[in-house]
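Student:
Numbering (the numbering used here), first residue to last: 7 to 250.
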């Protein structure tokens, strides 16, 4: 199995505060990998470092490297991460454009694509097939959508970039249980069609049920890793994150 993403001994700072203390992890092609941990553990910092978000939001890498398909990302501009490397982030809080319709939000995500209108139209239909509610509301302003529908739109927007590697930051936050499971079923379907996924999720039980492997982050350090089954059976992980 080919390794798509490799984070090597990564140290990251916000100002004088070190948020990541030399973490290492990898994601292989075709996997769903989850990062679990308490708030403030460094999960979002990890994703932002990989995406190369610009200041002031971006943390500063002080040591280590982030490799994607063997290429270092440390000097890659954020727009190139999307347009050239086909990586996409669904951020915490969704960050959709509320004054635009569902269709307009999706169209914006295709700005860097050069693979022709036929392929783009095919991906529109793919998004609407995955999330039928978006098809029903395609002409509706996105600020009027429910929280679950906005999360679907954020995921659909990432799909429209034609990404091969998808990162998600707390996709189930604020969702009702039924919508939460719908979301993860869609992720599983995307993964089975070839998409590689790195996922941050507060609902550790749900994340480990749908993922292949996982890492536990605790105050900027990886304290456990393994297959999802191994982590679900780990007494310390069960006690801290799985309710028993």
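Beta carbons are placed, not taken as given, at the ideal position from N, Cα and C, and that holds for glycine. Note that the structure is a prediction, hence the values are computed from the model and not measured.
Quick check on the burial criterion: 16 or more other C-beta atoms within 10 angstroms. Buried or exposed for residue 245?
Tutor: Locating residue 245 in the chain shown gives position 239, where the first residue counts as 1. Exposed, by the Cβ-count rule.
Student: Ignore the nearest five residues each way along the sequence and tell me which others in residue 84's own chain have a CB closer than 7 Å to its CB.
Tutor: Residue mapping note: residue 84 aligns to position 78 of the chain shown, counting from 1. Correct list, in chain order: 57, 58, 59 and 60.
Student: What residues in its chain sit with their C-beta under 7 Å from that of residue 37, if we drop five residues either side in the sequence?
Tutor: Your numbering for residue 37 matches position 31 in the chain shown. Correct list, in chain order: 202, 218 and 219.
Student: Pull up the CB-CB distance for residue 2 and residue 88, whole angstroms please, since I reckon it's below 8 Å.
Tutor: Nothing can be reported for residue 2, as the shown portion of the chain is limited to 7 through 250.
Student: Taking contact to mean at least 3 C-beta pairs separated by less than 8 Å, is the region 220 to 234 in contact with the region 182 to 194?
Tutor: Flag = no, the region 220 to 234 and the region 182 to 194 do not touch.
Student: If I'm right that residue 13 touches residue 72 with Cβ under 8 Å, what's the distance once you round it to whole angstroms?
Tutor: As a first step, residue 13 must be located in the chain shown, where it is residue number 7. As a first step, residue 72 must be located in the chain shown, where it is residue number 66. Yes, they are in contact, since the Cβ atoms of residue 13 and residue 72 sit about 5 Å apart, within 8 Å.
Student: Grab me the residues of residue 80's own chain with a C-beta within less than 7 Å of its C-beta, minus the 5 sequence neighbours each way, in chain order.
Tutor: Locating residue 80 in the chain shown gives position 74, where the first residue counts as 1. Here the set comprises 67, 71 and 72.
Student: One question on the structure: do residue 9 and residue 34 come within less than 8 Å of each other, judged by their Cβ atoms?
Tutor: Numbered from 1 along the chain shown, position 3 holds the residue referred to as residue 9. Numbered from 1 along the chain shown, position 28 holds the residue referred to as residue 34. Against a cut-off of 8 Å, the Cβ pair of residue 34 and residue 9 comes out as a contact.
Student: What residues are listed by DSSP as bridge partners for residue 71?
Tutor: Working through the chain shown from its first residue, we reach residue 71 at position 65. According to DSSP, residue 71 bridges with 14.
Student: Around the C-beta of residue 138, are 16 or more other C-beta atoms found within 10 angstroms, so that it is buried, or is it exposed?
Tutor: As a first step, residue 138 is located in the chain shown; it is residue number 132 there, counting from the start. Result: exposed.
Student: From residue 169 to residue 55, what does the alpha carbon distance come to, in whole angstroms?
Tutor: On the chain shown, residue 169 is found 163 positions in, with the first residue counted as 1. On the chain shown, residue 55 is found 49 positions in, with the first residue counted as 1. When the Cα atoms are used, residue 169 and residue 55 turn out to be separated by approximately 18 Å.
Student: Within 8 Å, do at least three Cβ pairs link the region 94 to 104 to the region 151 to 160?
Tutor: yes
Student: Assuming residue 95 and residue 53 are in contact, meaning their beta carbons sit under 8 Å apart, how far apart are those beta carbons, in whole angstroms?
Tutor: For the purposes of this step, residue 95 is taken as the residue at position 89 of the chain shown. For the purposes of this step, residue 53 is taken as the residue at position 47 of the chain shown. Rounded, the Cβ-Cβ distance is 6 Å, consistent with contact.
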